[in-house]
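Everything on this sheet refers to the single structure shown next.
2 protein chains.
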Amino acid sequence: MATIDKALDALFLLGQAGQALRLADIARSLDMPRSSAHRILAPLVARGLLERDAHGRYQAGLGLMTLGLACARREPIAHAAQPVLEAAAHELGETFFLVVARGGRLVVLEKAEGDGFLRAAPRLGSSVPVHATAVGKLYLAHAPDAVELEALPRYTPATLRSRTALAAAVAEARSRGWAVNDEEWQAGLCVAAAPVLVGGRLEGCVALALVAARFHALGTAAAVRRVRHAAEGIALRLEGEKS
Amino acid sequence: MATIDKALDALFLLGQAGQALRLADIARSLDMPRSSAHRILAPLVARGLLERDAHGRYQAGLGLMTLGLACARREPIAHAAQPVLEAAAHELGETFFLVVARGGRLVVLEKAEGDGFLRAAPRLGSSVPVHATAVGKLYLAHAPDAVELEALPRYTPATLRSRTALAAAVAEARSRGWAVNDEEWQAGLCVAAAPVLVGGRLEGCVALALVAARFHALGTAAAVRRVRHAAEGIALRLEGEKS
DNA sequence: AACATCGTTCTGCAATACGGAACACCCATG
DNA sequence: CATGGGTGTTCCGTATTGCAGAACGATGTT
Numbered sequence: 003m004a005t006i007d008k009a010l011d012a013l014f015l016l017g018q019a020g021q022a023l024r025l026a027d028i029a030r031s032l033d034m035p036r037s038s039a040h041r042i043l044a045p046l047v048a049r050g051l052l053e054r055d056a057h058g059r060y061q062a063g064l065g066l067m068t069l070g071l072a073c074a075r076r077e078p079i080a081h082a083a084q085p086v087l088e089a090a091a092h093e094l095g096e097t098f099f100l101v102v103a104r105g106g107r108l109v110v111l112e113k114a115e116g117d118g119f120l121r122a123a124p125r126l127g128s129s130v131p132v133h134a135t136a137v138g139k140l141y142l143a144h145a146p147d148a149v150e151l152e153a154l155p156r157y158t159p160a161t162l163r164s165r166t167a168l169a170a171a172v173a174e175a176r177s178r179g180w181a182v183n184d185e186e187w188q189a190g191l192c193v194a195a196a197p198v199l200v201g202g203r204l205e206g207c208v209a210l211a212l213v214a215a216r217f218h219a220l221g222t223a224a225a226v227r228r229v230r231h232a233a234e235g236i237a238l239r240l241e242g243e244k245s
Numbered sequence: 003m004a005t006i007d008k009a010l011d012a013l014f015l016l017g018q019a020g021q022a023l024r025l026a027d028i029a030r031s032l033d034m035p036r037s038s039a040h041r042i043l044a045p046l047v048a049r050g051l052l053e054r055d056a057h058g059r060y061q062a063g064l065g066l067m068t069l070g071l072a073c074a075r076r077e078p079i080a081h082a083a084q085p086v087l088e089a090a091a092h093e094l095g096e097t098f099f100l101v102v103a104r105g106g107r108l109v110v111l112e113k114a115e116g117d118g119f120l121r122a123a124p125r126l127g128s129s130v131p132v133h134a135t136a137v138g139k140l141y142l143a144h145a146p147d148a149v150e151l152e153a154l155p156r157y158t159p160a161t162l163r164s165r166t167a168l169a170a171a172v173a174e175a176r177s178r179g180w181a182v183n184d185e186e187w188q189a190g191l192c193v194a195a196a197p198v199l200v201g202g203r204l205e206g207c208v209a210l211a212l213v214a215a216r217f218h219a220l221g222t223a224a225a226v227r228r229v230r231h232a233a234e235g236i237a238l239r240l241e242g243e244k245s
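In order, the protein sequences belong to chains A and B.
For the first sequence, our numbering gives the first residue as 3, with consecutive numbering after it.
For the second sequence, our numbering gives the first residue as 3, with consecutive numbering after it.
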């Protein structure tokens, strides 16, 4: 089914380009003649997944957006989490978000941003590394098969780079029921995370992201209390929906 | 390019299904043998646009979500609007959102929800009617070619149903620089909207949605002042980015 | 003005998508 | 327990269809 793959190549190329591309550029990127690219792009434009601007260049269309959001709607945990995250973010004025494992990667599924001038603003649908985040440690502790852990690249001086150090942090996260990330991924960014457990299964994690200074001012205990409260609230709502 | 069309049929079917579907059901819906459906779905699953649950059923995957949100990222106006909407929503405690015209339809591109128990919660990527919304009137006033106006279905007793009444409302919106929707689309829902004008071009509209009672308690003047302020803030940020 | 590059259309050839048939499997019902 | 209808999956011969090169007009650059 090479034809569909070519079409998806084009979709991903334009989705990740972030700007409008010309036909010739697309053809070069996909390593095919212009005529083939033209033929492949036509049905994608006809269905609204791609659009053409005034210069005839191609870009992602909002058919893609509609499809993508239809997908998010279907996740019950996103539904359950949204008001909980919103309430928590409004109360503290900082950013809370929900991360789940899908396809071996950790994906930001829902978020509620705080109102500070300096605040974390993760992109919905973006993915975060496993070994350098609080959520990653929780997943390694509760559902290691759900995530793929390959190399351990160094993001900051605080990044855990050895399997043994990581295993210790994971064991600690498991026994405590929460995890933190103290500038291990991005300098200046601290995160506290708690698992959303439903019937013993890890359905996702709630994370609270703050600038390092505010995290230390707030204190680990207070941050952990808030993410655990939010995570438990989401778990309760999920259990309620099931019945 | 029938093959790509078949694949897109499957994508839209599963995107709009709202639940996981079995292979045989998909094959029936698309009117093709099971073997063909199986062959077409395989590359979509391999790329993460679709996923299979524990029972082997197909559902929308988060590759779709990633693609869709990558589309939203490409829109500079969504980027510019997000913090402005958030600030406005936080200040008033009501829902602000940004609507733009794409492909002849009015689409909700970004939003910031209020914290009231009863609040408007439009879905991102969903579209709203032209003739029965405040945003629609503004588009008819400033960029009538960007939207398609066909029939004028009646949604509520207040819906404008004649072209002349609509033309009068549009003229009023143009001269005033703002528009309202007083339960014309959904009973109990009032909206005030203001245009985001950059260099004289209409780039989108900011809308403030409230329950009717709160809208009248707040007053039209106050609501208009807030949406105009937000719209001007977004326009300023857009002009700043261009330089 | 000459040139290069672009987007688009056309066409013969070859690749490949098509759908029926066959298979193992699951769960209902008899 | 046996039977039956249903499922998801794989295989394969056929002919439909996608492929790439050439040619065209349009656009904008040196």
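In this text, a Cβ means the ideal position worked out from N, Cα and C, and glycines have one as well.
Cβ-heavy atom distance, residue i to the ligand FAD, below 7 Å
{"i": "residue 228 of chain A", "result": "Questions concerning the ligand FAD fall outside what the structure shown contains, since it holds no ligand whatsoever."}
Through-space distance from residue j to residue i, alpha-carbon basis
{"i": "residue 80 of chain B", "j": "residue 63 of chain A", "result": "14 Å"}
{"i": "residue 65 of chain B", "j": "residue 111 of chain A", "result": "12 Å"}
{"i": "residue 95 of chain A", "j": "residue 20 of chain A", "result": "30 Å"}
{"i": "residue 43 of chain B", "j": "residue 49 of chain A", "result": "18 Å"}
{"i": "residue 238 of chain B", "j": "residue 14 of chain B", "result": "37 Å"}
{"i": "residue 155 of chain A", "j": "residue 198 of chain B", "result": "44 Å"}
{"i": "residue 56 of chain A", "j": "residue 226 of chain B", "result": "33 Å"}
{"i": "residue 223 of chain B", "j": "residue 158 of chain A", "result": "51 Å"}
{"i": "residue 36 of chain A", "j": "residue 29 of chain A", "result": "5 Å"}
{"i": "residue 152 of chain A", "j": "residue 133 of chain A", "result": "9 Å"}
{"i": "residue 214 of chain B", "j": "residue 99 of chain A", "result": "32 Å"}
{"i": "residue 31 of chain B", "j": "residue 61 of chain B", "result": "15 Å"}
{"i": "residue 129 of chain A", "j": "residue 125 of chain B", "result": "23 Å"}
{"i": "residue 207 of chain B", "j": "residue 233 of chain B", "result": "7 Å"}
{"i": "residue 92 of chain A", "j": "residue 122 of chain A", "result": "14 Å"}
{"i": "residue 160 of chain B", "j": "residue 135 of chain A", "result": "53 Å"}
{"i": "residue 106 of chain A", "j": "residue 191 of chain B", "result": "43 Å"}
Boundaries of the alpha helix (DSSP H) in which residue i is found, first to last residue
{"i": "residue 88 of chain A", "result": "78-94"}
{"i": "residue 198 of chain A", "result": "Taken as a continuous stretch (DSSP letters only), residue 198 of chain A belongs to no alpha helix (DSSP H), being part of the beta strand (DSSP E) at 191-200."}
{"i": "residue 174 of chain A", "result": "165-178"}
{"i": "residue 48 of chain B", "result": "36-48"}
{"i": "residue 61 of chain A", "result": "Counting along the chain, residue 61 of chain A falls outside any alpha helix (DSSP H), though it belongs to the beta strand (DSSP E) covering 60-62."}
{"i": "residue 30 of chain A", "result": "25-32"}
{"i": "residue 216 of chain A", "result": "214-220"}
{"i": "residue 17 of chain A", "result": "4-19"}
Closer than 7 Å at the beta carbon, the chain B residues around residue i
{"i": "residue 49 of chain A", "result": "10"}
{"i": "residue 104 of chain A", "result": "64"}
{"i": "residue 92 of chain A", "result": "117"}
{"i": "residue 161 of chain A", "result": "Within 7 Å Cβ-Cβ: nothing; residue 161 of chain A doesn't reach chain B, min ~25 Å."}
Buried versus exposed, by CB contacts within 10 Å (16 or more), residue i
{"i": "residue 78 of chain B", "result": "exposed"}
{"i": "residue 18 of chain A", "result": "exposed"}
{"i": "residue 88 of chain B", "result": "buried"}
{"i": "residue 167 of chain B", "result": "exposed"}
{"i": "residue 228 of chain A", "result": "buried"}
{"i": "residue 146 of chain B", "result": "exposed"}
{"i": "residue 189 of chain B", "result": "exposed"}
{"i": "residue 221 of chain A", "result": "exposed"}
{"i": "residue 186 of chain B", "result": "buried"}
Opening and closing residue of the beta strand (DSSP E) in which residue i lies
{"i": "residue 142 of chain A", "result": "No beta strand (DSSP E) holds residue 142 of chain A; the alpha helix (DSSP H) holding it covers 136-144."}
{"i": "residue 184 of chain B", "result": "181-184"}
Chain A contact residues for residue i, given Cβ-Cβ distances below 9 Å
{"i": "residue 34 of chain B", "result": "Correct list: empty, because the minimum Cβ distance to chain A is about 14 Å."}
Coil, strand or helix - residue i by DSSP
{"i": "residue 106 of chain A", "result": "strand"}
{"i": "residue 203 of chain A", "result": "strand"}
{"i": "residue 123 of chain B", "result": "coil"}
{"i": "residue 52 of chain B", "result": "strand"}
{"i": "residue 71 of chain A", "result": "helix"}
{"i": "residue 211 of chain B", "result": "strand"}
{"i": "residue 238 of chain B", "result": "helix"}
{"i": "residue 114 of chain A", "result": "strand"}
{"i": "residue 130 of chain B", "result": "strand"}
{"i": "residue 100 of chain B", "result": "strand"}
Partners in chain B for residue i, counting only beta-carbon separations shorter than 9 Å
{"i": "residue 88 of chain A", "result": "115 and 117"}
{"i": "residue 109 of chain A", "result": "64, 67 and 68"}
Partners in chain A for residue i, counting only beta-carbon separations shorter than 8 Å
{"i": "residue 6 of chain B", "result": "5, 6, 9, 42, 45 and 46"}
Per-residue contacts from residue i into chain B (C-beta, under 8 Å)
{"i": "residue 25 of chain A", "result": "None at all; the shortest Cβ gap to chain B is about 15 Å."}
{"i": "residue 135 of chain A", "result": "The contacting residues do not exist; residue 135 of chain A stays about 18 Å from chain B at best."}
{"i": "residue 17 of chain A", "result": "68, 69, 72 and 73"}
{"i": "residue 21 of chain A", "result": "76"}
7 Å Cβ cut-off: residues of chain A touching residue i
{"i": "residue 61 of chain B", "result": "76"}
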